[in-house]
Amino acid sequence: MLILGIETSCDETAAAIIEDGTKIISNVKATTLDANRAFGGVVPDKTAREQLKLILPVIAQAVEPIGGIEKIDAIAVTRGPGLIGSLLIGVETAKTLAYSLNKSIVPVNHLVGHIYANWLETTSPPKFPALALLVSGAHSDLILMTAHGKFKLLGSTRDDAAGECFDKCGRVLGLEYPYGPYIETEAEKYTGAPKITLPRPLLNQKNYDFSFSGLKTAFLREFQKGQPKTALAYELQEAVTDVLVAKFVRAATEFKTKSLLLAGGVAANKCLRSKLQSKFSKIFIPPISLCTDNATYIAAAAYFNYKPVPWAKINADPSLTITSR
Ligand code: KG4
Ligand code: ZN
Numbered sequence: 125m126l127i128l129g130i131e132t133s134c135d136e137t138a139a140a141i142i143e144d145g146t147k148i149i150s151n152v153k154a155t156t157l158d159a160n161r162a163f164g165g166v167v168p169d170k171t172a173r174e175q176l177k178l179i180l181p182v183i184a185q186a187v188e189p190i191g192g193i194e195k196i197d198a199i200a201v202t203r204g205p206g207l208i209g210s211l212l213i214g215v216e217t218a219k220t221l222a223y224s225l226n227k228s229i230v231p232v233n234h235l236v237g238h239i240y241a242n243w244l245e246t247t248s249p250p251k252f253p254a255l256a257l258l259v260s261g262a263h264s265d266l267i268l269m270t271a272h273g274k275f276k277l278l279g280s281t282r283d284d285a286a287g288e289c290f291d292k293c294g295r296v297l298g299l300e301y302p303y304g305p306y307i308e309t310e311a312e313k314y315t316g317a318p319k320i321t322l323p324r325p326l327l328n329q330k331n332y333d334f335s336f337s338g339l340k341t342a343f344l345r346e347f348q349k350g351q352p353k354t355a356l357a358y359e360l361q362e363a364v365t366d367v368l369v370a371k372f373v374r375a376a377t378e379f380k381t382k383s384l385l386l387a388g389g390v391a392a393n394k395c396l397r398s399k400l401q402s403k404f405s406k407i408f409i410p411p412i413s414l415c416t417d418n419a420t421y422i423a424a425a426a427y428f429n430y431k432p433v434p435w436a437k438i439n440a441d442p443s444l445t446i447t448s449r
């Protein structure tokens with residue numbers, strides 16, 4: 125089965141063809157980074173206008189290897205959460221294509237999608253129950269996945285997400301947008317012994333919640349003292365990943381699931397990846413290129429949760445959560 129995935133929840137405009145939920149036939153992404161860089165972040169309506177120009181060429185390129193869009197069996201599209209203007213472009217394009225080509229359409233929750241990056245290009249997929257740590261720009265969730273499409277939220281952030289914390293602190297340091305990867309690059313330059321100590325919020329609390337807002341304030345205070353950039357980036361990365369790893373380890377010990385999964389844009393962070401890999405002999409971590417937003421996992425999620433909906437019934441919803449239906 126060939127599914128065309130479409131993803132436009134934030135600043136990426138992406139389309140992919142996935143065969144039988146796992147094989148990547150194509151993976152096309154166009155970024156609006158250039159339009160947004162001067163503003164140091166995503167400007168929603170500017171981004172949506174750019175995406176409107178990009179969406180059809182991106183889809184055309186994605187379907188090239190299969191010899192045309194008529195060859196697809198179904199369309200999967202992100203319907204939320206995300207920026208409403210951006211979501212609408214993907215959703216309305218998908219609806220139009222589904223109607224005009226008479227193809228089925230499967231709406232996908234972007235957060236669920238991220239988790240399905242772990243089903244791509246593997247011959248031994250995760251088994252249930254699975255424990256997932258989903259860390260992105262707006263979410264830091266610990267999730268128990270009991271079957272395809274069945275999620276129980278164990279805990280999430282009470283304020284800022286891990287990615288948001290990286291982004292806001294990166295901005296303070298005057299790094300380039302998108303800040304997360306630049307925090308990582310800056311941290312990698314640091315060679316000395318840690319000189320700054322930032323808090324590890326909620327580290328010892330016996331729950332699965334996170335909080336990164338206070339960490340951000342503590343970071344700002346150290347920055348104002350004139351601490352060097354690399355040392356600040358290093359300690360921030362250590363603090364965020366220490367908390368994420370500790371809570372994940374605690375949940376893994378309590379729930380003893382058959383699989384452990386990492387997902388979301390922050391899963392691209394090498395420090396987080398290596399800390400988790402050193403704690404567990406087997407953990408699913410998507411390749412770095414599949415962690416940040418793209419359409420491959422949207423199509424994979426649709427394949428394993430194949431519930432087509434009449435095109436007229438699909439609406440963009442900017443505020444979906446992992447447990448939304
Ligand atoms: O999943 P994603 O691409 O978009 C959302 O759904 O939010 O995640 C984006 C987030 C941003 O906060 C970005 O700074 C962060 O992931 N990120 C990273 C890295 N790559 C992306 N954070 C730390 N290290 C990275 N290498
Ligand atoms: Zn995302």
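The sequence shown begins at 125 in this note's numbering and counts up one residue at a time.
Glycine is no exception: its CB is placed at the ideal position from the N, C-alpha and C atoms.
- Task: Label Met269 either buried or exposed according to how many other C-beta atoms from any shown protein chain fall within 10 Å of its C-beta, with 16 as the threshold for buried.
- Result: A buried status is given to Met269, since no fewer than 16 other beta-carbon atoms sit within 10 Å of its beta-carbon.
- Give a yes or no on whether the C-beta atoms belonging to Ala423 and Gly214 are separated by under 9 Å. Contact: no.
- Query: What is the DSSP secondary structure of Val232, counted as helix, strand or coil?
  - Reply: Strand.
- Message: Along the chain, where does the beta strand (DSSP E) containing Asp144 start, and where does it finish?
- Response: Asp144 -> no beta strand (DSSP E), and no H or E assigned at all.
- 4 or more residues per run - each alpha helix (DSSP H) lying fully within the segment 280 to 312: Qualifying alpha helix (DSSP H) stretches, in chain order: 286 to 296 and 303 to 312.
- Own chain partners of Pro318 with C-beta closer than 8 Å, once the 5 adjacent residues on each side are dropped: Here Pro318 has Ala355, Tyr358, Glu359 and Glu362 as same chain residues with Cβ atoms under 8 Å from its own Cβ, once five neighbours each way along the sequence are excluded.
- Query: Of all the options Val369, Arg345 and Pro205, which has the alpha carbon lying nearest to the alpha carbon of Val296?
  - Reply: Arg345
- Apply the 10 Å Cβ neighbour rule to Ala200 and answer buried if 16 or more other Cβ atoms are within range, or exposed otherwise. buried
- Which two residues bound the contiguous alpha helix (DSSP H) that contains Asp366? Lys353 to Phe379
- From Asn418 to Ile229, what distance separates their C-alpha atoms? 18 Å
- State yes or no: is the C-beta of Gly388 nearer than 8 Å to some heavy atom of the ligand ZN? yes
- Message: If we define contact as Cβ-Cβ less than 9 Å, is Glu174 a contact residue for chain B?
- Response: The displayed structure is made up of one protein chain only, and chain B is not part of it.
- Query: What are the start and end residues of the alpha helix (DSSP H) that includes Thr420?
  - Reply: Thr420 to Phe428
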